[in-house]
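> Right, I'll just put the structure down here and ask away after.
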Amino acid sequence: MEAKRELLDVLLEDARQSSADIARQLDIEEADVSALLSELEEQGAVRGYQAVVNWDQTEESHVQARVELNVELDRETGYEEIARRIAKFSKVQSLRLVSGSYDFAVDVEGESMRDISNFVSEQIAPIPEVTQTVTHFVMHTYKDRGVYFDNRDEDDRLAVSP
Amino acid sequence: MSEGEPHPSQGLPNQTPGEAHLSRRAREAQPSGIRRFFELAAEMDDLISLGVGEPDFSAPWPARSAAIDALERGKTSYTANRGRSDLRTAIADHISQYGQEYDPDSEILVTAGASEAVDLAMRTLVDPGDKIAIPEPSYISYKPTASFAGGEVISVPTSAENEFKLTYDALNQADAADASVLVLCYPNNPTGAVMNRDELRPIAQFAEEHDLFVLSDEIYAALRYEGPHASIATIPGMRERSVVFNGFSKAYAMTGMRLGYAIGPESVIESMNRIHQYTMLSAPTTAQAAAFEAIHNCDPALAEMRDAFNRRRKFVISRFNELNMECFEAEGAFYVFPQCPPEWSDDEAFAEALIKDERVAVVPGSAFGESGAGHLRISYASGMSELKTALNRIESFLK
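Set out below in structure tokens:
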């Protein structure tokens, strides 16, 4: 159990490192790393390994928005059914049921603001249970999944110190 | 000085007045052994340094935020000589986790870094000619501060066979019985060695048998990876003959804030405070605000840093052993102390070639005293990706 937890910490820091390097950090055999990884994947704990991309530093045109959704439930339709329907769109990067003044927080990505507006108005808003949408376009990302996007945090320690 | 010999302050012909007036103490102080490597490192581009004696993290944000808040509220005056009373109370609570029970009003002194506390204790407990036993390899400040106080150093060698732990026999063999003060530092800089309670007992026995007062530098107490920290001051009979140094620099990544403390019996702390009140007045006020917050709200950050250090520790130990640079399982601080490969008997030459050929800075073990010779102090207070690159460079250097 402890090793699994440590493995998760190591992967959260850098999922791209070799199993040999992971094994050294956990002080276990490389084969055990692979076994633990398979277990974590099989039990559904680890769902994927992705890059953290700062799109501003690429040539791509890329726009993100946070969409707040209010929905109305009825006897046949619950949050699950609505969520399943919304999650299927590839533009939807994350979908969460949240507490507060709206029901779903939806992170949407597209090529342009128009692209996203069209998506919300043509694909999301018409869903019968959706009663209201509020779209917030992301203007700048400072930090994503624990990673800072500014480059100012340089190591200014003395190179050699007692 | 014999009659007829010119007084040093009269100077030699081409000395400036400043040079001519330098005290014997200043003239005799040697530049530290790490200085040359600092200078070599300063000239290098694309250098990876494993020679850094401080965390690569910044102080946890709540501590920094408390410092900012204190400045905004205009808290820029002196505090009480001994440090803010609420901070001393917080420290008293905090150290009880190590079994250390001290009265915040009379037995705790807040200082400008643990370094100031070391200096104060030396000046408080050492008379000219007194002997100070210092286990080696040793942190580079103990010998000079002992000398500044007029003390004479007895080096007590420790070795890789004992994982650089101090033993009763080593004390005996070095004639430490002649000393009046014994300095300890576990978890240790530069070796990463630790001593558990059972290993400290014979040391305590030696101190009692030969009436040594113990200065125990426990600045790395929070950075133990395999067992609980043990303090010699908590061994029966030792509380009255020990002063313990600790602080916020290493555990909370606050080196530049300069905040430490000394705990000990009232008589000694009171006397240290008397010197402190003339020389320092009080520890930095802003740093005290940060420290207060660190104790109350930064334990999760401390645990996160310790976990990260622990993973790096295991990584570097296993890499060095793979490279046939024998490296014992150092369980504390953020240092390991591997042996130079057999074909390199001279650690300084190895460290110099390594920095020139592969742009990796390490500190040769002999910078910490003769018994460190043949070893390297490796600090793993660097990001995992730097550590990986550094070890790859060392590997290619060895080929």
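Line by line, the protein sequences are chains F and Y.
FYI, in this note's numbering the residues of the first sequence are 9 to 170.
FYI, in this note's numbering the residues of the second sequence are 383 to 781.
The beta carbon of each residue, even a glycine, is placed where N, CA and C say it ideally should be.
1) Taking only three categories from DSSP, how would you classify Y/T573?
2) Under 8 Å by Cβ, that's how I've got Y/A673 and Y/L641 pegged, so tell me the actual separation to the nearest angstrom.
3) Assuming F/Q25 and Y/F697 form a contact by the criterion Cβ under 8 Å, report the distance between their Cβ atoms to the nearest whole angstrom.
4) Could you give the DSSP three-state label for Y/A515: helix, strand or coil?
5) Under DSSP, the alpha helix (DSSP H) around Y/T637 begins and ends at which residues?
6) Among all the DSSP beta bridges, which residues are the ones paired with Y/G433?
7) By how many angstroms is the C-alpha of F/G154 removed from the C-alpha of Y/D494?
8) In terms of alpha-carbon separation, which member of Y/L422, Y/A423, Y/T667 lies closest to Y/V492?
9) With distances taken between CB atoms, is the gap from Y/V626 to Y/D599 smaller than 9 Å?
10) What's the C-alpha gap between Y/V742 and Y/L736?
11) Do Y/R621 and Y/P647 have their C-beta atoms closer together than 9 Å?
12) When the Cα atoms are used, what is the spatial distance from F/L19 to F/A39?
13) Using the DSSP secondary-structure output, state which residues sit across from F/Y87 in a beta bridge.
14) When DSSP builds the beta bridges, which residues end up paired with F/V79?
15) Which two residues bound the contiguous beta strand (DSSP E) that contains F/R104?
16) Restricting to Cα atoms, I'd like to know which of F/T139, F/M121, F/F157, F/D17 is closest to F/F145.
17) Following the continuous alpha helix (DSSP H) through Y/N554, name the residue where it begins and the one where it ends.
18) Given a threshold of 16 other Cβ atoms within 10 Å of its Cβ, counted over all protein chains shown, does F/Y87 qualify as buried or as exposed?
19) Can you look up Y/L684 in the DSSP assignment and give me helix, strand or coil?
20) Apart from the five residues on each side of it in sequence, which residues of its chain come closer than 8 Å, Cβ to Cβ, to Y/N774?
21) Which residues in the same chain have their Cβ closer than 6 Å to the Cβ of F/R92, if we skip the five residues on either side of it in sequence?
22) Out of curiosity, what's the CA-to-CA distance linking F/A31 and Y/R694?
23) Any C-beta of chain Y sitting closer than 9 Å to the C-beta of F/L34?
24) Mind checking if F/S129 is an interface residue toward chain Y, Cβ cutoff 9 Å exclusive?
25) Inspect the beta-carbon positions of Y/E545 and Y/E652 and report whether they are closer than 9 Å.
26) On the criterion of 16 or more Cβ atoms from any shown chain inside 10 Å, does F/H148 qualify as buried, or is it exposed?
27) Rounding to the nearest angstrom, what Cα-Cα distance links F/D82 and F/F97 in this structure?
28) Taking F/R74 and F/D115 to be in contact with their CB atoms under 8 Å, please state how far apart those CB atoms are, rounded to whole angstroms.
29) Which one of Y/T527, Y/G465, Y/Q397 has the shortest CA to CA distance from Y/Y643?
30) Just confirm the distance between the C-beta atoms of F/E80 and F/E137, as a whole number of angstroms; I'd bet it's less than 8 Å.
31) Is Y/T458 helix, strand or coil by DSSP?
32) Within 8 Å, do at least three Cβ pairs link the stretch 124-142 of chain F to the stretch 34-53 of chain F?
33) Can you grab the Cα-Cα spacing for the pair Y/L469 / Y/A669, in whole Å?
34) Quick one: grab the DSSP three-state call for Y/M383.
35) Taking the beta carbon of Y/D509 as the centre, do at least 16 other beta carbons fall within 10 Å, making it buried, or is it exposed?
36) How many angstroms separate the CA atom of Y/M383 from the CA atom of Y/L404?
Reading it off the structure:
1) coil
2) 5 Å
3) The Cβ separation is near 10 Å, so there is no contact.
4) strand
5) Unbroken run through Y/T637: none, as it is neither H nor E.
6) F/V168
7) Correcting the residue identity first, residue 494 of chain Y is Ala in this sequence and not Asp. Looking at the two C-alpha atoms, the distance is approximately 33 Å.
8) Y/T667
9) yes
10) 6 Å
11) yes
12) 16 Å
13) Answer is none; F/Y87 lacks a bridge partner.
14) F/V138
15) 100-105
16) F/M121
17) 550-555
18) exposed
19) helix
20) none
21) none
22) 11 Å
23) yes
24) no
25) no
26) exposed
27) 23 Å
28) 6 Å
29) Y/G465
30) 6 Å
31) coil
32) no
33) 11 Å
34) At Y/M383 the pLDDT is 46, less than 50, meaning the model places this residue with poor confidence and gives no usable figure here.
35) exposed
36) The predicted position of Y/M383 is uncertain, since its pLDDT is 46 and thus under 50; no value can be drawn from it.
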